[in-house]
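Numbers in the numbering used here are just positions in the sequence shown, counted from 1, shifted up by 1.
Even glycine gets a Cβ: it sits at the ideal position worked out from N, Cα and C.
So the structure is just underneath, and the comments pick up after that.
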Amino acid sequence: MLKAVMVWIVALVPAQLHAQIGSPRSLEYLTASMGNDVRASFANPAGLAVTPEASVMGEIRIDKPDNGSSRLGQVTLGLNSRGFSLVYQKDRFISGLSGSTWRLSIANQFNGGAIGVSYTLYKGSGPSDTGFDVGVRLFPTPNLDIGFVARNIGRPALRRETLDPTAVSSISFLPIRNLRVSGEILAADLPGSGGLEFTYRALVLISEPSGFTSVFGSVTLNDNASLGRFSLGVSFGTPDQLMATSSFDRIGGSTGFEAVSLTGASVRRFVPAGR
């Protein structure tokens, strides 16, 4: 899992990059069955209680819009202590508007897993709105993690855009100590479509034996199973980590650079981690 750390990451840019509601950057380098510090808040709030710990993080995302100059698109700050988490996210959109997201999460362990809930306040130009996420993490075996999340409960809307309710199922497998393979299926309930829109993600994380250096790659497939995005990243350090990630988007059969993000995180565990 991700350890207490500062991170340099070059990750994938969200599909909502050009929208008016900012997609959290952490959704690009985590799945619902990964993460056990403050960065898990948006991916799956249950991850905040997987290991009793205190963690802080800071993150910036630099966007490269089509036919435009690079610009600061997102800044995120967060902290977690024993399953109580507060995250602030500031977005700057290509339209010139800006928005703020506050996310309060509470999580707790139970025998064989953890459960968490998040309350999110979206603020910006015009009326504010709120939404809820509920997540579960299960550990049936020492090398298997399973995650479920119900996102965007209440269908929050801001600046004429809506976040659709989405069900997420994820599984992570650790065949050996330094290798994690994770898959994720997202089913969004689109209004007026009469059905669900599916998205598929896969992520592979490889660490050196000491755990000091890790590399990862992720791909996102669209509803028709075509390649939508991919990312490559590297992280250094333990227990404090630095990550760097590059994001690429596939549009019209061509690949374009989307963004780069830099993340720093520091984690202090209260007890030895069991996973």
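**Message:** Counting C-beta neighbours from all protein chains within 10 Å, is the total for S227 16 or more, i.e. buried, or is it exposed?
**Reply:** If you number the sequence shown from 1, residue 227 lands on position 226. The residue in question, S227, is exposed, as its Cβ has fewer than 16 Cβ neighbours within 10 Å.
**Message:** Suppose you measure from the CA of E259 to the CA of Q110; what does that come to, to the nearest Å?
**Reply:** Taking the first residue of the sequence shown as position 1, residue 259 is located at position 258. Taking the first residue of the sequence shown as position 1, residue 110 is located at position 109. Straight-line measurement puts the Cα of Q110 at about 37 Å from the Cα of E259.
**Asked** Between which two residues does the beta strand (DSSP E) harbouring F217 extend?
**Response** Taking the first residue of the sequence shown as position 1, residue 217 is located at position 216. Counting along the chain, the unbroken beta strand (DSSP E) around F217 starts and ends at 214 to 222.
**Prompt:** Would a check of beta-carbon distances place E162 closer than 9 Å to chain B?
**Reply:** Annotation note: the requested chain B is absent from the structure, which comprises a single protein chain.
**Prompt:** In whole angstroms, what is the alpha-carbon distance linking F249 and S82?
**Reply:** What you label residue 249 is simply residue 248 of the sequence shown in a count that begins at 1. What you label residue 82 is simply residue 81 of the sequence shown in a count that begins at 1. Roughly 34 Å separates the two Cα atoms.
**Message:** Let me check one thing: in DSSP terms, what residues is I22 bridge-paired to?
**Reply:** Start at 1 with the first residue of the sequence shown, and residue 22 comes out as number 21. Under the DSSP definition of a beta bridge, I22 lacks any partner.
**Asked** In this structure, does DSSP put P141 in helix, strand or coil?
**Response** Numbered from 1 along the sequence shown, position 140 holds the residue referred to as residue 141. Looking at P141 - three-state DSSP - the assignment turns out to be strand.
**Prompt:** Near R160, which residues of its chain fall below 8 Å by C-beta distance, leaving aside the five closest residues on each side in sequence?
**Reply:** Along the sequence shown, one-based indexing puts residue 160 at 159. Taken in chain order, the residues that qualify are Q21, I22, L98, G100, G125, S126, G127.
**Asked** Leaving out five residues before and five after L3 in sequence, what residues of the same chain have Cβ atoms less than 6 Å from its Cβ?
**Response** If you number the sequence shown from 1, residue 3 lands on position 2. Since pLDDT at L3 reaches only 38, below the 50 mark, its modelled position is unreliable, and no value is offered.
**Item:** Rounded straight-line distance, which links the Cα of L187 to that of I172
**Value:** For the purposes of this step, residue 172 is identified with residue 171 of the sequence shown, where counting begins at 1. For the purposes of this step, residue 187 is identified with residue 186 of the sequence shown, where counting begins at 1. Distance between the alpha carbons of I172 and L187 is about 12 Å.
**Asked** Who are the near neighbours of Q17 in its chain, counting only those whose CB is closer than 6 Å to its CB and skipping five residues on each side?
**Response** The residue given as residue 17 occupies position 16 in the sequence shown. Per-residue confidence for Q17 stands at a pLDDT of 38, beneath the threshold of 50, marking its modelled position as unreliable; no derived number is given.
**Message:** Less than 9 Å between the C-beta atoms of I63 and L73, yes or no?
**Reply:** For the purposes of this step, residue 63 is identified with residue 62 of the sequence shown, where counting begins at 1. For the purposes of this step, residue 73 is identified with residue 72 of the sequence shown, where counting begins at 1. Between I63 and L73, the gap from beta carbon to beta carbon is short of 9 Å.
**Request:** Out of M58, V118, R26, E54, point me to the one whose CA is closest to A47's CA.
**Result:** Your numbering for residue 47 matches position 46 in the sequence shown. Of M58, V118, R26, E54, the residue nearest in Cα terms is V118.
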